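Q: My structure is below; once you've seen it, I'll send some questions.
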Amino acid sequence: MSSSQNDAFPTVNPDEIEKFKNLSASCWNKEERLSPLHPLNHLRVPWIVDGIAEAGLISKDKVGSSKPFEGLKILDVGCGVGILSEELAEFGGTIVGLDPCAEVIHEAKKHMALNPSLTNITYISETIEEHAEKHCEEYDAVIASEVVDHVDQPDLFLELCCKCLKPGGTIYVTTFNKTWTSWLVAIIFFRICLGSNATWSPFVV
1 MSSSQNDAFP TVNPDEIEKF KNLSASCWNK EERLSPLHPL NHLRVPWIVD
51 GIAEAGLISK DKVGSSKPFE GLKILDVGCG VGILSEELAE FGGTIVGLDP
101 CAEVIHEAKK HMALNPSLTN ITYISETIEE HAEKHCEEYD AVIASEVVDH
151 VDQPDLFLEL CCKCLKPGGT IYVTTFNKTW TSWLVAIIFF RICLGSNATW
201 SPFVV
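Numbering (UniProt numbering), first residue to last: 1 to 205.
Here it is in structure tokens:
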């Protein structure tokens, strides 16, 4: 990314984009490096569903239905290859997966094509800066899961995410806390066991 592009998209970290570009082809392989993201869905998806219900965006009795998100438009920011987007789509509604890395979006579209029932996902390769400018106040919910520790200027990033929300919409953010436990996870598990270059410093206090 050139310096002029970096000025235009200050939340984009070029090193992180390059890292995920190199990993993109293997992300859907559950035996590969990013396999821990797959079981994370068992934790984050119920939390998101409950949160959307608590916010009053869906009725409580709809939570147990097969399509509780029906009628909602949800933005998955930093969607990567769509590990979370695909599972969210199973709950209905319109899901938009957004990522500045063209390679991961390519892999997301490829994997989505394997499941003909996934007709309610749209994947877009652009920055949150671009998307917030074009889609202000458009979404009922915005999700940024395991993303804020991969961006520059996280405060601005979250501000832009919120700009995409309709009045009364809600945002859901998941990330590692900056604790000794997360240091062990980042250094021992991700770096040594999985061979990734995860670092502890960007984690949120």
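Note that CB positions come from ideal geometry on N, CA and C, so glycine has one too.
Just so we're clear, the structure is a prediction, and the values are computed from it rather than from any experiment.
1) Just mark residue 66 as buried or exposed, buried being the case when its beta carbon has 16 or more other beta carbons within 10 Å.
2) Using a threshold of 8 angstroms, state whether the C-beta atoms of residue 164 and residue 75 are closer than that.
3) Does the beta carbon of residue 87 fall short of 7 angstroms from some heavy atom of the ligand PLP?
4) Below 8 angstroms on the Cβ atoms is my contact criterion, and I expect residue 124 with residue 84 to pass it. Report the Cβ-Cβ distance as a whole number of Å.
5) Since residue 147 and residue 82 should fall inside the 8 angstroms C-beta cutoff, what is the C-beta to C-beta distance between them, to a whole number of angstroms?
6) What three-state label does DSSP hand residue 201 in the structure shown?
7) Quick one: measure Cβ to Cβ for residue 116 and residue 91, integer angstroms, because I've assumed they're closer than 8 angstroms.
8) Helix, strand or coil for residue 58 per DSSP?
9) List the DSSP bridge partners of residue 170.
10) Run the CB neighbour count on residue 43, radius 10 Å, all protein chains shown included, and call it buried at 16 or more, exposed below.
11) Which residue marks the beginning of the beta strand (DSSP E) containing residue 125, and which one marks its end?
A: With the given structure in hand:
1) exposed
2) yes
3) Ligands in the displayed structure: none, and consequently the ligand PLP is not present.
4) Their Cβ separation, rounded to whole angstroms, is 15 angstroms, which puts residue 124 and residue 84 out of contact at 8 angstroms.
5) About 14 angstroms separates the two Cβ atoms, so there is no contact after all.
6) Reliability of the predicted coordinates at residue 201 is poor, the pLDDT of 48 falling under 50, and no value is obtained from them.
7) That belief does not hold up - the Cβ atoms of residue 116 and residue 91 are roughly 18 angstroms apart, past 8 angstroms.
8) coil
9) 141
10) exposed
11) 121 to 125
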